[in-house]
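Numbering (this note's numbering), first residue to last: 1286 to 1953.
For each residue, glycine too, the CB sits at the ideal point set by N, CA and C.
Note that this is a predicted model, so its numbers are computed, not measured.
Structure first, commentary second.
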Ligand code: NAP
Ligand code: SF4
């Protein structure tokens, strides 16, 4: 019997049946705006082929004012219908089902024409919205119903009405963003009128045999958010208005509580969905930080939901369901919830892809086709770049030998995975190990490949990585000065007062590692909730603890410094940087920019700031001042291919390393 009987069980919706309980949740791709609909179709088609029960597209605006940014993808014109038809045909040809998400951004729309219940600017947007009048509200309802009709005409199996995450409909629900005094504001019956009316009109327009999902905000995580009684009232009204499924939304985009980042415990919001189970007669979907079939099965088996929604894991591996069903769970490329190539790309106007799977969003231009001319290929270095290059080359039919000087694979990933909150990196290294073991790759650990030994290969790929940069600070050879590698890899003892020099990704990681004590909150949901001030929305509206966050006291007194002026952390990930900064601030870490490093003494680090010298007292100083490429082998072999940190160390991350490794091996 399958280990996933609940996850793989069909879901009968009356007029149609979903083949299993897995929904691919909505993610913006960035492809639609480029107008290449074949590419959009391949992206979703590949995921349909991978066996997911139902796909929900990225958000489509019902009209120009509701788009997340000017020109955002939508469904307004006959040409739009023809474009979307390319996608639905492709998904259906693969045996899948697909629903289109109708997303009206309200005051989150990043443009001057945005509209909202009241003219109240969001803290995450520079644009003040225009408050809608009665006709304006009717237009939004009518446009949503029209978008649903067009989706039906374009061949979709249903629509999802986006009612959560602080978007337009959610903005009507909360008194903090809805100051109206007409029938669309005031008491909750009035505030919920719009979402209910949208669902009613959409159902009226599309008829009974069409999936209608409503994404309901179960916990707003903002001051003035809904109470759970209000949420239940809304759920009942939405069901009565004709929704076929309720999907879970967690937190507004402006919430100061992480909801999907890697440091959020796995399945850490399923308890909120569970509160809705048994309260409505339609299926309920749970969401957020579900990234393995085992967790999906566990949540469904314990009755937390009728269905699970996974979004980013389908970027990491389109075959998530098919591999689980075939007993190949360990081969599922794991989503590590880093946001680096998906959401961070979205916010930079780039195509969404995946750190673990560079093919995501590139299904038509990056393919690992079998080679007609198998070669003997040596890959030197089993960090992310070398591992990916070796795997892709092997998959294409080359004869690959992989050399690693260390006794284990993983390279820099092995340092990331010891950081509290970055436990997902274990899964990534384990996945690489599984894939290498099941491949034809000859792996030689604890082996330094000499140039002579590499002469026999047709191609040599050098992925030897990086070495910590020498910042040349006077006094840095003193015994109380450590490199980050000594702290994270060699576990060197560290004193009670620490100065971390360099505030890039690694400086932040080291500060987090040294400030931390006790269990990792990522592995301890009640502790995590305490640290971020999350509580049951049945006891506190919006689910925010009345006394706020209650962080665990830090293990040490830490100062994190950089030379650049301004607050450290500006270069961190767009969607996750604020979490790292907030986490360190909660642990009392002092973060300082604009430092000139003068010298290190027995007492600490002497800096010059604003023309004056100052001692930053420290028992231990940890240098996190970036990296330089390790190029000895590359210099000895000028015809070799050089990838990853050995190629360019500046702004190196696993995303670039894996992408470069995959693209090189796809072309050899
Ligand atoms: P980094 O991000 O390039 O940061 C290096 C730090 O050292 C900067 O704060 C820089 O700031 C300082 N620095 C550079 N040269 C210096 C010098 N000669 N003397 C003194 N200070 C100097 O590199 P990293 O922190 O080593 O991270 C390496 C890569 O790992 C990152 O690029 C990152 O992508 C990846 N990583 C990512 C994350 C993540 O959260 N996404 C986490 C960990 C690691 P100043 O020049 O202002 O002093
Ligand atoms: Fe997951 Fe990171 Fe890939 Fe996004 S980029 S899908 S968060 S692994």
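query: Excluding the five sequence neighbours on either side, which residues of its own chain have a C-beta within less than 6 Å of the C-beta of residue 1921, listed in chain order?
result: 1736
- prompt: So is residue 1523 in contact with chain C if we call contact Cβ pairs under 8 Å?
  reply: You won't find chain C in this structure, because it holds only one protein chain.
field: Per DSSP, the bridge partner or partners of residue 1447
entry: 1500
task: State the start and end residues of the unbroken alpha helix (DSSP H) segment that holds residue 1431.
output: 1419 to 1438
- request: For ligand 2, enumerate in chain order all residues having a CB closer than 6 Å to any of its heavy atoms.
  value: 1597, 1600, 1601, 1620, 1621, 1622, 1623, 1624, 1625, 1626, 1627, 1639, 1640 and 1641
query: When every heavy atom of ligand 1 is checked, does at least one fall within less than 7 Å of the C-beta of residue 1931?
result: no
query: Quick one: is the Cβ of residue 1399 within less than 7 Å of any heavy atom of ligand 1?
result: no
message: Out of 1726, 1466 and 1822, which one is the CA nearest neighbour of residue 1514?
response: 1822
field: Rounded straight-line distance, which links the Cα of residue 1554 to that of residue 1714
entry: 26 Å
- request: Pull up the distance between the alpha-carbon of residue 1292 and that of residue 1607, whole angstroms please.
  value: 12 Å
message: Only counting the same chain, and skipping five residues up and downstream in sequence, which positions put a Cβ closer than 8 Å to that of residue 1520?
response: 1501, 1531, 1561, 1564 and 1565
message: Is any non-hydrogen atom of ligand 1 found closer than 7 Å to the C-beta of residue 1791, if you look at the structure I gave you?
response: yes
- prompt: For residue 1657, is the classification buried or exposed, using 16 other Cβ atoms within 10 angstroms of its Cβ as the cut-off for buried?
  reply: exposed
task: Could you work out which residue in 1518, 1433, 1619 and 1387 is closest to residue 1472 when comparing CA atoms only?
output: 1518
task: Check whether the stretch 1435 to 1455 touches the stretch 1487 to 1497, taking contact to mean three or more Cβ pairs, one atom from each stretch, closer than 8 Å.
output: yes
Closest Cα partner of residue 1734 within the set 1814, 1772, 1665 and 1880: 1665
- request: For residue 1794, count neighbouring C-beta atoms within 10 Å of its own C-beta (all shown protein chains included) and say buried if the count is 16 or more, exposed if not.
  value: buried
message: Just to confirm the assignment, what range does the alpha helix (DSSP H) spanning residue 1594 have?
response: Premise fails: residue 1594 lies in the beta strand (DSSP E), 1592 to 1595, not in any alpha helix (DSSP H).
query: Out of curiosity, what's the CA-to-CA distance linking residue 1589 and residue 1552?
result: 10 Å
Residue 1933, DSSP secondary structure in three states: coil
field: Cβ neighbour criterion (16 or more within 10 Å) applied to residue 1884
entry: exposed
message: Given the structure, does residue 1821 come close to ligand 1, in the sense that its CB is under 7 Å from one of the ligand's heavy atoms?
response: no
message: Can you tell me whether residue 1712 sits near ligand 1, meaning its C-beta is under 7 Å from at least one heavy atom of the ligand?
response: no
message: With a threshold of 8 Å on Cβ separation, who are the neighbours of residue 1816 within its own chain once the five nearest residues in sequence on each side are excluded?
response: 1806, 1834, 1835, 1836, 1837 and 1871
- prompt: Under a three-way DSSP split, which group does residue 1309 fall into?
  reply: strand
message: ligand 1 and residue 1334: does any heavy atom of the ligand fall closer than 7 Å to the residue's C-beta?
response: no
message: By DSSP's criteria, residue 1729 is part of a beta bridge. Which residues make up the other side?
response: 1688
- request: Taking residue 1347 as part of the alpha helix (DSSP H), name the residues at either end of that continuous run.
  value: Taken as a continuous stretch (DSSP letters only), residue 1347 belongs to no alpha helix (DSSP H), as it is neither H nor E.
query: If you draw a straight line from the alpha carbon of residue 1662 to that of residue 1644, how long is it in whole angstroms?
result: 22 Å
- prompt: Within 7 Å: the Cβ of residue 1909 and any heavy atom of ligand 1?
  reply: yes
query: Does any heavy atom of ligand 1 sit closer than 7 Å to the C-beta of residue 1675?
result: no
query: Which class does residue 1369 belong to by DSSP, given the choice of helix, strand or coil?
result: helix
With 16 other Cβ atoms within 10 Å as the buried cut-off, status of residue 1898: exposed
message: Just checking residue 1937 against ligand 1 - is the residue's beta carbon closer than 7 Å to any of the ligand's heavy atoms?
response: yes
task: On the DSSP bridge assignment, give the partners of residue 1401 in chain order.
output: 1416
message: My output table needs one value for residue 1874: the three-state DSSP class, helix, strand or coil.
response: coil
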